[in-house]
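Accompanying notes for the structure given below.
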Amino acid sequence: MKKQDYLDHLVGVFGHPVAENPGVVIQEAAFRALGLDRWRFLTIDVEPEKIADAITGLKAMKMRGINCTIPHKLAVIPYLDKIAPSARLIGAVNTVINDNGVLTGENTDGQGFMIALAEAGLSAKGKKIVVLGAGGAARAICVELALAGASHLTIVNIPKDMALGEGLVKTLRENTQIVVDYVPWVDAFKIPADTDIVVNATSIGLYPNVDDKPNIDYDTLSTSMYVQDVIPNPAFTPFLQEADKRGLKWQSGLSMLVNQAALNITMWTGLDPDKEVMKKALKEALS
Ligand code: NDP
């Protein structure tokens, strides 16, 4: 008789609030498609002051790993044994891997962005890139772009976030070869004509503010440029609509989200998930 194995393999996300996080939809669809019937992705509400207890619980239950979202991406760091070099530069962890009690922190946001870029047929090497915003997603993207050999980065950010933006610029200048300009975002930003890639890494356009778009002079976009958005919901943001109607190649935040979730699965299971299955599940959930 075949020996039964009812043991659940647990991963999930710690956040607060976290109820609207679609991670479970994407990850469970991938597990089912991989035949990992006893893998479970749990959406767990962890209040800010409970992160240490939550990590103790993760170890006690031998969870294989966890995603961290707001407000835990920085707070989790003191409880980890190792931090991947890019996550250390980014200063935030969104994925934890538990190897028999040894916890490693990774940041797959920027890596997911880079894979999406590669899927669009682009390499960052030698490219001139404009990144709008200097928050968590922007930070992850800028670090990965710099590590991948982009030649020039212009970070455009609203003046109330000067310290945030300047901190990012300092990190990039001290740790990578990239040339960085920092532009206080006051008026409609004009994209320099020699720009190769434009990234919206702000939260502008995210549901429910679906009509909002970054304050740039859209007539400075040209067809030689490629545009990528971080916003997954809605996927076709007004920012992308402006790029699309001017004939630019573009990609939505869905690709970044699916790619970072796929990376998480590979880090936890060692397997490559079916990204089309994941994208379909995400689109259905968001619609
Ligand atoms: P943060 O709050 O850390 O950063 C958002 C940045 O956008 C801040 O610097 C913010 O400035 C700026 N911003 C917001 N509104 C405006 C505005 N009107 N004008 C100029 N700047 C503005 O959030 P995250 O970086 O974590 O997330 C940003 C977006 O990225 C979210 O929409 C999130 O859903 C998306 N995301 C997508 C991922 C994916 O896989 N597709 C992964 C991670 C994030 P201020 O703080 O001053 O408002």
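Here the working numbering = 1-based position in the sequence shown + 7. Note that CB positions come from ideal geometry on N, CA and C, so glycine has one too.
Not one heavy atom of the ligand NDP sits closer than 6 Å to the Cβ of Leu247. 7 Å or more divides the Cβ of Asn105 from the Cβ of Cys75.
Close CB contacts of Ala145 within its chain, under the 6 Å cut and outside five residues either way in sequence, are with Val138, Ala208 (chain order). Distance from Ala195 to Asp224 at the Cβ level is roughly 5 Å; contact confirmed, criterion being Cβ atoms closer than 8 Å. Going by DSSP, Asp188 is part of the beta strand (DSSP E) stretching over 186-191. At least one heavy atom of the ligand NDP sits closer than 6 Å to the Cβ of Pro239. Taken through DSSP and simplified to helix, strand or coil, Glu27 comes out as coil. Relative to Ile62, the option among Phe120, Gly42, Gly108 whose CA is nearest is Gly108. Counting every other CB atom within 10 Å of its CB across the protein chains shown gives Gln235 a total of 16 or more, marking it as buried.
Taking all protein chains shown into account, Ser229 has fewer than 16 neighbouring C-beta atoms within 10 Å of its C-beta and is therefore exposed. For Leu179, the closest C-alpha among the options Val32, Gly156, Pro245, Lys167 is that of Gly156. According to the DSSP secondary-structure assignment, Arg47 is paired through a beta bridge with Leu17. Relative to the non-hydrogen atoms of the ligand NDP, the Cβ of Ile165 comes within a distance shorter than 6 Å of at least one. Lys66: member of the alpha helix (DSSP H) spanning 58-67, first to last residue.
In this structure, the ligand NDP has a non-hydrogen atom nearer than 6 Å to the beta-carbon of Asp116. Residue pairing from DSSP places Glu113 in a beta bridge opposite Thr102. Comparing alpha-carbon positions, the option among Met70, Leu154, Ala82, Gly112 lying closest to His23 turns out to be Ala82.
Counting along the chain, the unbroken alpha helix (DSSP H) around Gly260 starts and ends at 260-276.
Take the alpha-carbon of Pro199 and the one of Pro85: they are about 41 Å apart. Contact holds between the region 264-284 and the region 34-42, because three or more Cβ pairs, one in each stretch, are under 8 Å apart. In terms of side-chain proximity, the C-beta atom of Gly112 is found no nearer than 6 Å to any non-hydrogen atom of the ligand NDP.
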